[in-house]
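Add 4 to a position in the first sequence, counting from 1, and you land on the number used in our numbering.
C-beta: ideal position from N, C-alpha, C; glycine also.
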Amino acid sequence: MLLAELAAAWRAVSETSARREKTALIAACLRDAGPEEAPLVVHYLAGELPQRQIGIGPSALGDRPTASPSPGLSVSRVDAVFSEIKAASGPGSVAGKRRLLRALLAEATGPEQEFLVRLLAGDLRQGALEGVMTEAIAKAAGIPAAAVRRAVMLRGSLSAVAVAALSGGAEALSAFTLRVGRPVRPMLASSAPSLEEALKGEMALEWKMDGIRAQLHVEGEQVRVFTRTLEEITSRVPEVVERVRALGLRSAILDGELIALREDGRPHPFQVTSARAATRSGGIGGLSLFAFDVLHLDGVDLLDEPGSVRGEALVRALPEPLRMPRTVTAELPEAEAFLAGALARGHEGVLLKSLGTPYTAGRRGAGWIKVKPRHTLDLVVLAVERGSGRRRGTLSNLHLGARDPRTGGFVMLGKTFKGLTDRMLAWQTERFTGLKTADDGWTVTVRPVQVVEIAFDGLQRSPRYPGGLALRFARVLRYRSDKTAEEADTIDTVRALAGFEP
DNA sequence: TTCCGACAGTGGGGTCGCAAT
DNA sequence: ATTGCGACCCCACTATCGGAA
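Right under this line is the structure:
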């Protein structure tokens, strides 16, 4: 298939907002691509590369050569060049990667260049990623979307499933089953503002820890560990591998959290856990496992079993210190006490899990609900950045500061663009245009007078901001035009809230 | 006809490894 | 030795479409 056809399909998908039309366009494109190139089309139109990452980021995409006048590039040739770029490493490799990329772009026409650059930047914005792609595969192969979705969750790969579906139909998809050693998409949780809203009848409650999600595959002596995105991190967490190997499980797939704990059992800040899990040289150690689910145990698949059955299996499989603390209740006061216990021990909150639902991998369903307390501060807007994509033409990303009573100035604590409705976006664009004091084309500096109420999950040490503190997951609740900047929260309040010296 | 679940989009801070400076 | 870049951990929230009720 010519890249030009793919680029044209992308253009068409971008230009319609109807999902069914997007699905139909992509399905047609999949049928046009032969069996060789269909997996590439699936990857590209879902905004991914089969190589995953090739070492090309935004800064490498800046300069483009003159476009070729006529299309000649095939989809498989693009794939070959991407592999070549990925393979480049060692001294001089950055320049080498860029040379290869430039040569590829020189072979492409204008629309093809546009597609390639947007693909590599992760910026296709065609309103079709995995969800729509799954529908399109189903449509192209003439099988139910649910069958495709399930195969994707079990196989962890869209393109592998697409190939099977297009060549072998529903029958080929039934060959994708749970297999020890091959990670599945993890089940995700939605969130609720309070226990009252989340607790519906009898449910399991578990601590919610601020660690790294991990899926462990055990087969006799062999233990492998995967992250939420199915990256393998076995070699980075030898202490966890050893601990699980020592249990002598015959075969198992476990789901849980890895976290760095202090001697007193309280959690380290997330930054410590993250650093330990990211260090490849190994040997740092110090991560503890808290498993909360089991998808397979001793030859028996459990992921379609209800939560209660999997809970019992987990108790059989693991000793208590390796399991996430858990209780089962239908009573609000009991749930509140459990949440208070989790918070008192320094954890984020709790998860509420329905006892009846199976492990619905890869979906953020209503089966699991997280509840975390929310902190708020009244901060002052110091500057605003221009938005992009659908926020183009607006002032979107807010720079937030706390008042410094000693200097009369403000200490920046981070940015946020979250929580804004279109109406708020329109209002703030107008408001901050009126308060503008400087404009570098991207960031508009404003008179620091507008107060905004910000919700956030916690404070962390920051090497970036002047106060040595940054907000975690800040989002806008509402503008406080009833307050003046002199009434905003001070940096002293924020420091006291942090509970540590920056 | 209205409601609601799923999806895509818009980005946030921090850390590591590697290559370039 | 330091800096810059890419990748990947953690993540919240709104708008929209289209099927369910």
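Buried is the label assigned to Arg280, since at least 16 other Cβ atoms lie within 10 Å of its Cβ.
In the DSSP assignment, Trp372 falls within the unbroken beta strand (DSSP E) covering Trp372 to Val375.
At least 8 Å separates the beta-carbon of Ser466 from that of Ala459.
Distance check between His403 and each of Gly418, Ala168 and Phe414 places Gly418 closest, using alpha-carbon atoms only. In terms of Cα proximity to Leu234, the closest of Arg217, Asn401, Val245 and Gly438 is Arg217. Counting every other CB atom within 10 Å of its CB across the protein chains shown gives Pro271 a total of 16 or more, marking it as buried.
Inclusion of Arg159 and Gln117 in the CB contact set at 8 Å is not warranted, their separation being larger than that value. In the displayed model, Lys419 falls within a strand according to three-state DSSP. In the structure shown, Tyr48 falls within a helical segment according to DSSP collapsed to helix, strand and coil. Distance between Ala348 and Gly413, taken at the CA atoms: about 35 Å.
The beta-carbon separation of Pro273 and Gln464, rounded to 6 Å, stays under the 8 Å limit for a contact. Under the rule that a run must span 3 or more residues, the beta strand (DSSP E) segments found entirely inside the segment 260-317 read 291-301. Beta-bridge partners of His379 (DSSP): Phe460. Secondary structure at Ala478: coil, using DSSP grouped into helix, strand and coil. For the segment 182-250, the continuous alpha helix (DSSP H) assignments of 4+ residues that do not extend past its boundaries occur at 199-202 and 242-249, in sequence order. Within its own chain, the residues whose Cβ lies closer than 6 Å to the Cβ of Ala151, once the five positions on either side in sequence are excluded, are Ala174 and Leu177, listed in chain order. Sequence-distant partners of Met5 (beyond 5 residues in either direction) whose C-beta falls short of 6 Å from its own C-beta, in its chain, are Ala37, Glu41 and Val79.
Here Ala144 has Ala31, Leu34, Arg35 and Leu170 as same chain residues with Cβ atoms under 7 Å from its own Cβ, once five neighbours each way along the sequence are excluded. The segment 428-454 contains, as complete beta strand (DSSP E) runs of 3+ residues, the segments 440-443 and 447-450 (chain order). At a Cβ-Cβ threshold of 8 Å, Ala387 and Thr447 count as neighbours. The shortest CA-to-CA distance from Thr113 to any of Ala71, Ile141 and Ala149 is the one to Ala71.
An exposed status is given to Glu225, since fewer than 16 other beta-carbon atoms sit within 10 Å of its beta-carbon. For the 8 Å CB-CB criterion, Phe119 and Ala11 form a contact.
Beta-bridge partners of Val354 (DSSP): Trp211 and Val375. Non-local C-beta neighbours of Val244 in its own chain, meaning closer than 7 Å and more than five positions away in sequence, comprise Val229, Leu262, Leu291 and Leu293, ordered along the chain.
Lys376 counts as buried, since at least 16 other C-beta atoms from the protein chains shown sit within 10 angstroms of its C-beta. Residues of the same chain with a CB within less than 8 Å of the CB of Arg468, apart from the 5 flanking positions on each side, are Ala474 in chain order. Ile147 and Val188 have their C-alpha atoms roughly 22 Å apart. A Cβ-Cβ contact shorter than 8 Å links Val184 with His221. Listed in chain order, the non-local C-beta contacts of Arg320 below 8 Å within the same chain comprise Leu301, local neighbours out to five positions each way being set aside.
In the three-state scheme derived from DSSP, where H, G and I count as helix and E and B as strand, Leu108 is classed as helix.
Per DSSP, reduced to three states, the secondary structure at Ile147 is coil, with no helix or strand assignment. By alpha-carbon distance to Glu201, the top candidate from Ala132, Glu335 and Leu251 is Glu335. Apart from the 5 residues on each side of it in sequence, Val156 sits with its Cβ closer than 8 Å to the Cβ of Glu134, Thr138, Leu162, Val165, Arg189 and Gly366 in its chain, given in chain order. For Ser97, the three-state secondary structure derived from DSSP is helix.
At a Cβ-Cβ threshold of 8 Å, Lys357 and Gly311 count as neighbours.
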